[in-house]
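**Student:** Below are the structure tokens for one structure; questions will follow.
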Amino acid sequence: MTLASDDKVLILFRHAKAEQVVGKPDHERSLTGRGQRDARAAGAWLHEHELGPELVLCSTAARTRQTWAAAVDGGACGETIEFDDGIYSGGAQTVLQTVRESAGEAQIVMVVGHNPTMAMLASRLSEGDGSSAAHECLAAGFPTSSLAVLRYAGPWSGLDFGTAELERCHVSRG
């Protein structure tokens, strides 16, 4: 993907389908077989669309770590990965602040996280701007293994609600 020097791409990736085990701590839930397949399909989609993030900010939860690992198995690539507990425990404002503080000079940044935060952040960053088909996809529920691709022009420190456009929304199924 070719970008102008101040163009940025933010990819919000909701983790893949995880197990529901009574008594198992939420943070430790693992992906199901379907989740593994869907995450690999997401990786293939990212590769096909040449969306290789320079920085991946990933929740510390087992299912998000496994989602990114399976996406890499499917063809996704990321130069640097950072695990951040704030992506697991924080809401849209916390994740936005993490991107602002961590993205540095990267042009393409991905966040691998949880709903409702990922869908809310995509919606609030774009506030209806961008592709109508992408907004329809987002409004349909942003299920597991969904990706929202947003474009933003400017330094990451200036990223705020209403400053981005939602270009694509994709639900990965393997």
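Counting the sequence shown from 1 gives a position; the numbering used here is that position plus 1025.
Glycine included, every Cβ here is placed at the ideal spot set by N, Cα and C.
By the DSSP assignment, the alpha helix (DSSP H) with C1162 in it spans what residues?
**Tutor:** Indexing the sequence shown from 1 puts residue 1162 at position 137. Note, C1162: alpha helix (DSSP H), S1157 to A1164.
**Student:** Quick one: give me the first and last residue of the beta strand (DSSP E) that D1032 is part of.
**Tutor:** For this step, residue 1032 is matched to residue 7 along the sequence shown. Its beta strand (DSSP E) spans residues D1032 to R1039.
**Student:** Within 10 Å of its beta-carbon, does V1204 have 16 or more other beta-carbons around it, so buried, or fewer, so exposed?
**Tutor:** Because residue 1204 is not part of the residues shown, which for the chain are 1026 to 1199, the question remains open.
**Student:** Give me the Cβ distance between D1063 and T1085, rounded to the nearest whole Å; I'm assuming they're in contact under 8 Å.
**Tutor:** Your numbering for residue 1063 matches position 38 in the sequence shown. Your numbering for residue 1085 matches position 60 in the sequence shown. That pair is no contact at about 21 Å.
**Student:** Please confirm if the stretch 1055-1062 is in contact with the stretch 1072-1086, defined as three or more CB-CB distances below 8 Å between the two stretches.
**Tutor:** no
**Student:** Ignoring anything shorter than 3 residues, give me the beta strand (DSSP E) runs that lie fully in the stretch 1104-1144, in order along the chain.
**Tutor:** Considered as a whole, the stretch 1104-1144 harbours 1105-1108 and 1133-1138 as its complete beta strand (DSSP E) runs of no fewer than 3 residues, in chain order.
**Student:** Would you please state the rounded distance, in angstroms, between the beta carbons of L1037 and A1173? I believe it to be under 8 Å.
**Tutor:** Start at 1 with the first residue of the sequence shown, and residue 1037 comes out as number 12. Start at 1 with the first residue of the sequence shown, and residue 1173 comes out as number 148. Going by Cβ atoms, the distance from L1037 to A1173 rounds to 4 Å, so yes, they are a contact pair.
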